[in-house]
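Engineer: One structure follows; several queries about it will come next.
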Amino acid sequence: MLTKRQKRNNRILAAVMLAASLFFLFPVIWMLANSFKPDAAITADMNSMRAFVPPALNGDFFSNYVTILTNTRFVRYMCNTLFYAAVLIVLGVIVNGLAGYALAKINFPFKDRWLMIIMLLMIVPMETIITIHFLFIAKLGLLNTVVGYVLPMIVNPFNIFLFRQVFVSLPDDVYEAAQLDHCSPIKYFFTMVLPMSQSVVATVSVFTFLNVWNDYLWPSLVFTSSDLLTAQIGLNAITSNDNTTTGQTLAVITMVTIPVILIYSFFSKQIVEGVVSTGSKEG
Amino acid sequence: MKKKTSDSLLGMAFFGPALVLLTVFLFLPMLLTLIFSFTDFFALNPALTHFTGLDNYFQILKDEDFRQAFFNTVQFVIIIVPLQGLGALGMALLINRVTYCKKYFKVAFFVPVVMSLAVVSTLWIQIYSPEGILNSLLSLFGIPAQPFINSAGQALPSIAVMSAWQGVGYQMIIFLGGLQAINPALYEAADMDHATPWQKFKDITLPELKPLCVFVFITITIGAFRMLVQPMVMTGGGPSHSTYTVVYDIYETGTVNWEIGLASTMAIIFAFFVMILTIIQTVLTSDKEDKHADKKTKAK
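Residue numbers (my numbering), protein chains in the order written: chain H, 1 to 283; chain R, 1001 to 1300.
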C-alpha cells in the first residue's frame, strides 16, 4: 500500500514534470500557436503569454496555411516526396528482400562471406561516398531526374540484413510443399515469403518512408529544378524567400511534419522493432 | 549435383540485383574515394589528374578550414554527448518513476524526434532570433538579449542545444526499455536490506544499464560527427566558420568546388573516425551481451 506521503510525493513529481514538459515543448507550442497569426500579431504577442496562445477563431484563422497551399508549390513538393517514397519502398522491398532471402535460405557460392560483407557495409557512413554518388549521377546526365535521385538509394545493407534475420527462421516445409505444387521460386517469394513476413516488410517500408521524407543532403544535390524538389528542400526554398512571412514559415514546417506524425502514430510498433533489431534509426 | 548448380543459379538470380547496385553504389565509390584521396583529381578538368601520394593528407592537416571544421565537430560532440545522453537517462528515470500521466510524458518528450532536422532548424532560426521568443523568455529572468546563432561564440553551442533537444526523446525511449527490463526481484531484495534510493540507483540501476549507456553514448557521438543539416540551414557554416563541420567541408570541397581528390581525403579521415567508433561500440556491447548470456546459462 502507498502511504500518504508517497502519494503526495508522486503528485509533486508529476506536477514538476508537467511544468518541465511544457517548458521542453515551448518551441513546438509557439510554432503551432503562431502559425495561425499574421506577422504583426506575432511581434505584438512576443512579450506576453499570448505568444503561446492561438488567435481567436475567425475567417482569417487558416490564412497562412491557405496562402502556402495556393501561392507556393508546396503541394507539389509534398506529392513529389510521397511518390519518391512509394517508388523506393517498392523497389527497396523487392531488391533487398530478394537478397535477404538468398542469404537466408539459398545455398549459393560464398553465401556466408557475402553476409559478412553486408554486415561490414553497415558501418560505412554514407557521407563518405556521397561525393562519388554525385559525380556518377552528374556524369550520367541524371541530375534533376527521378532516376538519378532514386538509383543510389535502392540497395540498403541494413534492410538486407533485417530481411535476412527474419527469413532465416521461416519453416522449410512450406517451401518443399510449394515445390511439389510446381510453384516457381520467384512466385513463392512474392506469394508466400513476403505475405508471411508482413511485419518486417512494414518495418522496412516505414524506415524507407522516414528516410526519404527527412533526407536533406542527397535531394539537395540532385534536384535544382523546382518541379522535382522534395518537401524538405522545398520548405527551405519557400522559407528562404523574402516574401514568406514568419507565420507562413511556421505553417509550412507544421504541414511538413504532419505525415511523419501519422506514420509514428500508426506504426510505432514497427519502429520500435526496427530500432531493436538494427540499433539505429538511420538506414 | 544438379540441385547444387540450380541453387547457385537461383541464389545469384535473387542476390544479383542487390549485388549490381552494391557494386556500383557502394564498393566502387568506396574504392574510388580511397584512390582519389591519393590524387589531385579535379572533376572540371580530369585530364590533369596526377597521383600525388600522401600530399593531400599533409595538405589537409595544414588546411585552416579543415582544422577548424574538425575542431568544431569535436567541440560539438563534447557539448552534445553529455547533454543528450544524461538528459535522456534522467528523463527515462523520472518517467519510469512517475505514476500519473506516464503515457503523456513519453509522448511529450518524444515530439521533437518526429520533426526533421530541416524543420527543427527552420523553427529554431525563429526561436533564436534577436527579437525572438527565447530572448523574450530570458528577459523574464532579467537576462539581456543573446545573439545565439548570430555570434561566432554562441552559434555552435546553440546548435548543439537545439540538436540535443531534437534527439533526446529517442534515447529516452531506449533507456526506458532498458529500465523496464531490469529484474524487479533485485529491487525487492534491496528493499529487504533497507537500501536507500541512491544505493539502489548506484548498485542496481546503473550497473544493469551500463551496456545500454555505452551503446547510447556512442550512437550520439557518431550522429554528432555526421552533423551537417543544422549549419547548412541555419548559418551556412558561419559566423566566421564557427559552425563549419567536417561533413560540411567534404560537401563543399567535393560537390561545390569539384575538388574530388581533396574531398576524398577528408572523407577517408572522417570514415576512419566514424568506423573506429562503430567498431568500439559493437565490441563493447556484444561483449556485454555475451557475458549476460553466460550468466543466464550458468544460473540455469
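We put the beta carbon where it would ideally sit given N, CA and C, even for glycine.
1) Checking 8 Å against the spacing of the C-beta atoms, do R:Y1248 and R:Q1068 come in under that value?
2) In the DSSP assignment, find the alpha helix (DSSP H) that holds H:M122 and state where it starts and stops.
3) Quick one: which chain H residues come within Cβ less than 7 Å of R:M1012?
4) Within 10 angstroms of the Cβ of R:T1099, are there 16 or more other Cβ atoms? Answer buried if so, exposed if not.
5) With a threshold of 8 Å between beta carbons, is H:Y101 in contact with chain R?
6) So H:P157 is in the alpha helix (DSSP H); what residue range does that whole segment cover?
7) In chain H, which residues lie with their C-beta within 9 Å of the C-beta of R:G1254?
8) So what's R:T1049 in DSSP terms, helix, strand or just coil?
9) Please report the Cβ distance between H:K111 and R:G1011, rounded to the nearest whole angstrom; I am assuming they are in contact, meaning their Cβ atoms lie under 8 Å.
10) Compute the Euclidean distance between the alpha carbons of R:P1211 and R:I1204, then round it to the nearest angstrom.
11) Sort out for me which residues DSSP pairs H:D70 with in a bridge.
12) How about R:F1105: is its C-beta nearer than 8 Å to some C-beta of chain H?
13) Is the Cβ-Cβ distance between R:M1115 and H:T257 less than 8 Å?
14) Looking only at its own chain, which residues have a Cβ that is under 7 Å from the Cβ of H:T244, when we skip the five neighbours before and after it?
15) Can the beta-carbon of R:V1168 be found closer than 8 Å to that of R:G1087?
16) Can you say whether H:Q179 is buried or exposed, counting buried as having 16 or more other CB atoms within 10 angstroms of its CB?
17) What whole-angstrom Cβ distance do H:A104 and H:V168 have, given they're in contact under 8 Å?
18) Can you tell me whether H:K187 is buried or exposed? The criterion is at least 16 other CB atoms within 10 Å of its CB, across all chains shown.
19) Could you say if the region 13–21 of chain H and the region 35–45 of chain H meet the contact criterion of at least three C-beta pairs nearer than 8 Å?
20) Suppose you measure from the CA of R:Q1180 to the CA of R:N1096; what does that come to, to the nearest Å?
21) Can you name the residues of chain H whose CB is closer than 9 Å to the CB of R:E1131?
22) Please report whether the beta-carbon of H:K111 lies at a distance below 8 Å from any beta-carbon of chain R.
23) At a Cβ threshold of 8 Å, is H:S205 touching chain R?
24) Which partner residues does R:T1039 have in the DSSP bridge list?
25) Exposed or buried, H:R8, counting other C-beta atoms within 10 Å across all chains shown (16 or more means buried)?
26) Rounded to a whole number of angstroms, what is the C-alpha to C-alpha distance between H:S199 and R:T1282?
27) Ignore the nearest five residues each way along the sequence and tell me which others in H:F26's own chain have a CB closer than 8 Å to its CB.
28) Since H:I106 and R:F1014 should fall inside the 8 Å C-beta cutoff, what is the C-beta to C-beta distance between them, to a whole number of angstroms?
29) Fully enclosed by the region 1080–1114 of chain R, which alpha helix (DSSP H) runs are 4 residues long or longer?
30) What does H:V150 touch in chain R if you count any residue whose Cβ is under 9 Å from its own?
31) Check each candidate in R:L1138, R:G1238, R:T1285 and R:P1207 and name the one with the smallest Cα separation from R:A1152.
32) Does DSSP put R:G1153 in a helix, in a strand, or in coil?
33) On the three-state DSSP scale, how would you describe R:D1193?
34) Would DSSP call H:E176 helix, strand or coil?
35) So the alpha helix (DSSP H) H:W218 belongs to, where does it begin and stop?
Structural biologist: Reading off the structure:
1) Position 248 of the second sequence, counted from the start, is the residue given in the question as residue 1248 of chain R. Position 68 of the second sequence, counted from the start, is the residue given in the question as residue 1068 of chain R. Taking a C-beta distance under 8 Å as the contact criterion, R:Y1248 and R:Q1068 do not qualify as a contact pair.
2) If you number the first sequence from 1, residue 122 of chain H lands on position 122. It is not in any alpha helix (DSSP H) - H:M122 carries neither H nor E in the DSSP assignment.
3) Numbered from 1 along the second sequence, position 12 holds the residue referred to as residue 1012 of chain R. The answer, in chain order, is F108.
4) Your numbering for residue 1099 of chain R matches position 99 in the second sequence. Using a 10 angstroms sphere on the CB of R:T1099, the tally of other CB atoms stays under 16, which defines it as exposed.
5) Here residue 101 of chain H refers to the residue found at position 101 of the first sequence. Closer than 8 Å to some Cβ of chain R, the Cβ of H:Y101 qualifies, so yes.
6) One-based indexing of the first sequence puts residue 157 of chain H at position 157. Taken as a continuous stretch (DSSP letters only), the alpha helix (DSSP H) holding H:P157 covers P157 to F167.
7) Looking up residue 1254 of chain R in the second sequence gives position 254. What R:G1254 touches in chain H, judged by beta-carbon distance under 9 Å, is I130, T131, I132, F134 and L135, going in chain order.
8) Translated into positions along the second sequence, residue 1049 of chain R becomes position 49. DSSP places R:T1049 in coil when its eight states are reduced to three.
9) By one-based count along the first sequence, residue 111 of chain H stands at place 111. By one-based count along the second sequence, residue 1011 of chain R stands at place 11. Their Cβ separation, rounded to whole angstroms, is 7 Å, which keeps H:K111 and R:G1011 in contact under 8 Å.
10) As a first step, residue 1211 of chain R must be located in the second sequence, where it is residue number 211. As a first step, residue 1204 of chain R must be located in the second sequence, where it is residue number 204. Their Cα atoms are separated by approximately 13 Å.
11) Along the first sequence, read from residue 1 onward, the residue named residue 70 of chain H stands at position 70. The sequence shown places Thr at residue 70 of chain H, not Asp. BP columns for H:T70 are empty, so no partner.
12) Working through the second sequence from its first residue, we reach residue 1105 of chain R at position 105. Taking 8 Å as the threshold, the shortest C-beta distance from R:F1105 to chain H falls below it.
13) The count along the second sequence starts at 1 and reaches residue 1115 of chain R at position 115. The count along the first sequence starts at 1 and reaches residue 257 of chain H at position 257. Yes; because the gap between Cβ atoms is below 8 Å, this pair is in contact.
14) By 1-based counting over the first sequence, the position of residue 244 of chain H is 244. These residues qualify, in order along the chain: I238.
15) As a working note, residue 1168 of chain R is residue 168 in the second sequence. As a working note, residue 1087 of chain R is residue 87 in the second sequence. Less than 8 Å separates the beta-carbon of R:V1168 from that of R:G1087.
16) Taking the first sequence and counting its residues from 1, one reaches residue 179 of chain H at position 179. Burial is judged here by how many other beta carbons sit within 10 angstroms of a residue's own beta carbon; H:Q179 has fewer than 16 and is exposed.
17) Taking the first residue of the first sequence as position 1, residue 104 of chain H is located at position 104. Taking the first residue of the first sequence as position 1, residue 168 of chain H is located at position 168. Confirmed, Cβ separation roughly 4 Å.
18) Residue 187 of chain H sits at position 187 when you count from the first residue of the first sequence. Result: exposed.
19) The region 13–21 of chain H, when compared against the region 35–45 of chain H, does not touch it at the 8 Å Cβ threshold.
20) Here residue 1180 of chain R refers to the residue found at position 180 of the second sequence. Here residue 1096 of chain R refers to the residue found at position 96 of the second sequence. Rounded to whole angstroms, the gap between the alpha carbons of R:Q1180 and R:N1096 is 8 Å.
21) Counting from 1 along the second sequence, the entry for residue 1131 of chain R is found at position 131. By Cβ distance, chain H contributes T43 and M46.
22) In the first sequence, the residue the question calls residue 111 of chain H occupies position 111. Chain R, which has a Cβ nearer than 8 Å to the Cβ of H:K111, makes this yes.
23) For this step, residue 205 of chain H is matched to residue 205 along the first sequence. So no, H:S205 is outside the interface.
24) Position 39 of the second sequence, counted from the start, is the residue given in the question as residue 1039 of chain R. R:F1051, per the DSSP bridge assignment.
25) Within the first sequence, the letter at position 8 stands for residue 8 of chain H. H:R8 comes out exposed.
26) For the purposes of this step, residue 199 of chain H is taken as residue 199 along the first sequence, with counting starting at 1. For the purposes of this step, residue 1282 of chain R is taken as residue 282 along the second sequence, with counting starting at 1. Between H:S199 and R:T1282, the C-alpha separation is close to 26 Å.
27) As a position in the first sequence, residue 26 of chain H is number 26, starting the count at 1. Closer than 8 Å at the Cβ level, and outside the excluded window around H:F26, lie F52.
28) Translated into the one-based positions of the first sequence, residue 106 of chain H becomes position 106. Translated into the one-based positions of the second sequence, residue 1014 of chain R becomes position 14. Contact between H:I106 and R:F1014 is confirmed by a C-beta separation of about 6 Å, below the 8 Å threshold.
29) As for any alpha helix (DSSP H) of minimum length 4 sitting wholly inside the region 1080–1114 of chain R, the runs are 1102–1114, ordered along the chain.
30) Locating residue 150 of chain H in the first sequence gives position 150, where the first residue counts as 1. The contacting residues do not exist; H:V150 stays about 11 Å from chain R at best.
31) In the second sequence, residue 1152 of chain R corresponds to position 152, counting from 1. Per the Cα distances, R:G1238.
32) Here residue 1153 of chain R refers to the residue found at position 153 when the second sequence is read from its first residue. Under the three-state reduction of DSSP, R:G1153 is assigned to coil, being neither helix nor strand.
33) The residue given as residue 1193 of chain R occupies position 193 in the second sequence. Looking at R:D1193 - three-state DSSP - the assignment turns out to be coil, as it is neither helix nor strand.
34) To locate residue 176 of chain H, count along the first sequence from 1; it is residue 176. Here H:E176 sits in helix by DSSP.
35) As a first step, residue 218 of chain H is located in the first sequence; it is residue number 218 there, counting from the start. Per DSSP, H:W218 belongs to the alpha helix (DSSP H) from L217 to V222.
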